[in-house]
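Accompanying notes for the structure given below.
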Amino acid sequence: MRIGVEVGGTFTDLVALDEHGIRVLKVPSTPHSPDEGAFAALVASGIPLDTVEDLSHGSTVATNAVLERKGFLTAFVTTAGFHDILLLQRHGRSSIYDLAYQKPVPVVERADSFEVSERTLSDGSILFRLNIEEIESMLIPALKDRAYRAVAICLLNSYVNPENERLLRACIQAHLPDLSITLSSDITREFREYERASTTALSAYVQPVMDRYVSRFAEKLKEAGFKGRFSVMQSNGGRLPADAMRANAVTALLSGPAAGVTGAARQAARSGYINVITLDMGGTSTDVAVVIDGKPQLTNEFSIDGLPVRIPLLDINTVGAGGGSVIWIDDGGMLRVGPESAGASPGPACYMRGGVRPTITDAHVVRGTIQPENFLGGRMRIDATLARKVLEPIAAHFGMTVEEAADSAIQIANSNIVRAIQVISTERGTDPRDSVLVAYGGAGPLHAPQVALDLGIHTVVIPPNAGVISAYGLVASDFIQFESLTRRGMLDNNAGPWVREIFVEMRQRAIARAQDMNLGGELKISFVAEMRFVGQAFEVSVDLAESEMEGLNAARLRQLFGDMHQKLFYFGAEDSKPIEFVSFRLGLTAPIENLPLLKESEGQAIEPRKIDIYDGRAWHQAIFQSRSDIKPGKSIAGPALLDDPTCTLIVPAGWEATRDSADNMALTYKEVR
Numbered sequence: 018m019r020i021g022v023e024v025g026g027t028f029t030d031l032v033a034l035d036e037h038g039i040r041v042l043k044v045p046s047t048p049h050s051p052d053e054g055a056f057a058a059l060v061a062s063g064i065p066l067d068t069v070e071d072l073s074h075g076s077t078v079a080t081n082a083v084l085e086r087k088g089f090l091t092a093f094v095t096t097a098g099f100h101d102i103l104l105l106q107r108h109g110r111s112s113i114y115d116l117a118y119q120k121p122v123p124v125v126e127r128a129d130s131f132e133v134s135e136r137t138l139s140d141g142s143i144l145f146r147l148n149i150e151e152i153e154s155m156l157i158p159a160l161k162d163r164a165y166r167a168v169a170i171c172l173l174n175s176y177v178n179p180e181n182e183r184l185l186r187a188c189i190q191a192h193l194p195d196l197s198i199t200l201s202s203d204i205t206r207e208f209r210e211y212e213r214a215s216t217t218a219l220s221a222y223v224q225p226v227m228d229r230y231v232s233r234f235a236e237k238l239k240e241a242g243f244k245g246r247f248s249v250m251q252s253n254g255g256r257l258p259a260d261a262m263r264a265n266a267v268t269a270l271l272s273g274p275a276a277g278v279t280g281a282a283r284q285a286a287r288s289g290y291i292n293v294i295t296l297d298m299g300g301t302s303t304d305v306a307v308v309i310d311g312k313p314q315l316t317n318e319f320s321i322d323g324l325p326v327r328i329p330l331l332d333i334n335t336v337g338a339g340g341g342s343v344i345w346i347d348d349g350g351m352l353r354v355g356p357e358s359a360g361a362s363p364g365p366a367c368y369m370r371g372g373v374r375p376t377i378t379d380a381h382v383v384r385g386t387i388q389p390e391n392f393l394g395g396r397m398r399i400d401a402t403l404a405r406k407v408l409e410p411i412a413a414h415f416g417m418t419v420e421e422a423a424d425s426a427i428q429i430a431n432s433n434i435v436r437a438i439q440v441i442s443t444e445r446g447t448d449p450r451d452s453v454l455v456a457y458g459g460a461g462p463l464h465a466p467q468v469a470l471d472l473g474i475h476t477v478v479i480p481p482n483a484g485v486i487s488a489y490g491l492v493a494s495d496f497i498q499f500e501s502l503t504r505r506g507m508l509d510n511n512a513g514p515w516v517r518e519i520f521v522e523m524r525q526r527a528i529a530r531a532q533d534m535n536l537g538g539e540l541k542i543s544f545v546a547e548m549r550f551v552g553q554a555f556e557v558s559v560d561l562a563e564s565e566m567e568g569l570n571a572a573r574l575r576q577l578f579g580d581m582h583q584k585l586f587y588f589g590a591e592d593s594k595p596i597e598f599v600s601f602r603l604g605l606t607a608p609i610e611n612l613p614l615l616k617e618s619e620g621q622a623i624e625p626r627k628i629d630i631y632d633g634r635a636w637h638q639a640i641f642q643s644r645s646d647i648k649p650g651k652s653i654a655g656p657a658l659l660d661d662p663t664c665t666l667i668v669p670a671g672w673e674a675t676r677d678s679a680d681n682m683a684l685t686y687k688e689v690r
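Encoded structure:
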């Protein structure tokens, strides 16, 4: 038995898989205590935990700790002269025309930042070591006075030589053994001082939160008889044993969305789709990502609440367009959707929990694209009258019918999603028309066809049990860890042996860490060089295959860099300018033993019937039936609405849906509506 439990903003999802089949479950999340909601899902499943061999968990605990500033009091310690690095940040502005623009607020206040006398030079040599007497007489008392729970240490150039950082940690631990201490050299060994400092501060800030959360959840599992393997999802698309996550909290910032991308990519690959764009639309937001040749794309450039995080993670773009996104009118009288969400409490008005503002879910109820009596397989009651009532003021403002107002709001949400996909596809050198759109999440299959058409995509794939794909991705993901290292060097005739030497060094460290975490089996290695033309400000990621390492030479390195630069910027393949290496990234993967197969589960018995839906500014008569009634190899032409135990699928006019042998539902565009 394998179980994945994913805590979302509105619902907590559970997927249980064994040789007898699949069980899925959605329960309301408990934002005030996510572990309670996760454990409630386990209890509601009725599965004896002593029969579970593998339990994987993903949540928004680390993300919420940053966004809501609910981490523990954290001190930041840096080299003398760099006291204000978290406040100074970069000179760039995310909103260049905003006259009231303010820089992002760091998680560590200025009064909680401290300096120590030391200096490591850029080549790794130590100009002068830490002054231990100064630390014991000044820093230690200051840390005691404020009762800090965590300390982030980021010393100048420690990414080259971490000796002074480690010495400082040992000194603090000797006097304050209960403090959680995070070193920049353990989190990200890359240059760019502010980004490294920000990442370290964020990691230290959420570390006690994740440590407490994982410990509490593990204790509940133990008390319930669980004796299997407990792991936690990371932002890079892989998971780690729970104990290891207690020292790598920053890697959990995009835990849930990353699981969804992994699950969707694996399920789509079973039908032969390896170039896909994923669309995960849940209750609070929509997450989109690109998968090329079956591999979700990684990035080192990510920010949360405006604060940069410099670690390898999936290139996921998030917009505030979910089922709970609020529909509102701005000061200029324009219709807007999100980013504010009604969340799990009170939720959309139709949930009958006190919601008084219209949401996307309410809009679907008004349009008929959500049938109240069949919502979530008939397990949850919703009220269509309340949905209409909250949308009436919007309709009156614009002189529309309620259905027109609902449809307009959904079109705006679709436009927001299209723009989010363009950011991680077109702007990264990938043509979305070369991919299929894989939609999941509670609301994704209702929006995917129109989003696909707007992008020029004519195939949409909806996995079985699409509303819980993120939970499936938790048990379908491998164990992954990454290490980054800044090493500057020129691409010259000596580059081949030099790169091989770095690869061997990083590989040895990664394998040693994997052994410490009891990750066995056939380990897979990926290796990336961050390269650029001399004078450029940012780097290009170039994949270097392990099989090529032995014969790697300057000509091959120049070719690989030129090809990637050409793909991204449409020049560089024939350029003879000097090229330099900046950083390297090594990934180690311990694949799961057997990939659990996701299958269609039987929904509630529905007698096929004709219904009216309002879509694309027009009424349509559609067939409404259970998705599971469509047998493998069979098709249904739109307009149709298909009920899934975890979501609803729309097949618009001009589309045809076919269930394949992997239980995926492939929607194909046939004609212009």
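Going by the numbering used here, the first residue of the sequence shown is number 18, and it counts up by one from there.
Heads up, the beta-carbon is just placed ideally off N, CA and C, and yes, glycines get one too.
From the options, residue whose alpha carbon lies closest to that of residue i
i	options	result
G490	S320, T301 and T295	T295
I427	G416, F392, L403 and I387	I387
L271	G255, D509 and D260	G255
Q224	A79, D348 and V440	A79
V278	D304, A380, A264 and P258	D304
S425	D195, A635 and D533	A635
R263	N253, E236 and S232	S232
I434	D495, E70, T335 and N181	T335
Residue i: first and last residue of the uninterrupted alpha helix (DSSP H) it sits in
i	result
Q525	A512 to D533
N253	No alpha helix (DSSP H) holds N253; DSSP gives it neither H nor E.
F13	Coverage of the chain is limited to positions 18 through 690, which leaves residue 13 absent and any answer about it impossible.
V229	Correcting the residue identity first, residue 229 is Arg in this sequence and not Val. R229 -> alpha helix (DSSP H) spans E210 to E240.
T707	Given a span of 18 to 690 for the chain in the structure shown, any question on residue 707 remains unanswerable.
E182	E180 to H192
S201	S201 to I204
A117	It is not in any alpha helix (DSSP H) - A117 carries neither H nor E in the DSSP assignment.
Residues that DSSP places opposite residue i in a beta bridge
i	result
F588	None; F588 has no bridge partner.
D629	Q638
D660	S643 and T665
E563	Answer is none; E563 lacks a bridge partner.
V478	V455 and A683
G38	D35
S342	S358
M695	The requested residue 695 is not part of the displayed model; the chain covers only 18 to 690.
Q498	L605
G75	E23
Spatial distance of residue i from residue j (CA atoms)
i	j	result
I647	N681	11 Å
R526	T95	26 Å
F696	M548	Residue 696 lies beyond the stretch modelled for the chain, which goes from 18 to 690, so this question has no answer here.
K120	R107	9 Å
T665	G461	9 Å
L454	D677	16 Å
A359	E153	50 Å
A61	I20	13 Å
R690	D632	In this predicted model, R690 has a pLDDT of only 45, less than 50, meaning its place in the structure is not dependable enough to derive any value.
V419	A412	5 Å
I189	M566	42 Å
R353	S134	52 Å
Limits of the unbroken beta strand (DSSP E) element including residue i
i	result
H464	That residue, H464, is in no beta strand (DSSP E); its alpha helix (DSSP H) goes G461 to L472.
R549	K541 to F550
T675	W672 to R676
T418	No beta strand (DSSP E) holds T418; DSSP gives it neither H nor E.
L324	L324 to V326
T91	T91 to T96
L614	That residue, L614, is in no beta strand (DSSP E); it is neither H nor E in DSSP.
I653	S652 to A654
R19	R19 to V24
S14	Nothing can be reported for residue 14, as the shown portion of the chain is limited to 18 through 690.
Exposed unless 16 or more other CB atoms sit within 10 angstroms - verdict on residue i
i	result
P123	buried
M351	exposed
S175	buried
Y118	exposed
V440	exposed
I321	buried
N511	exposed
I653	buried
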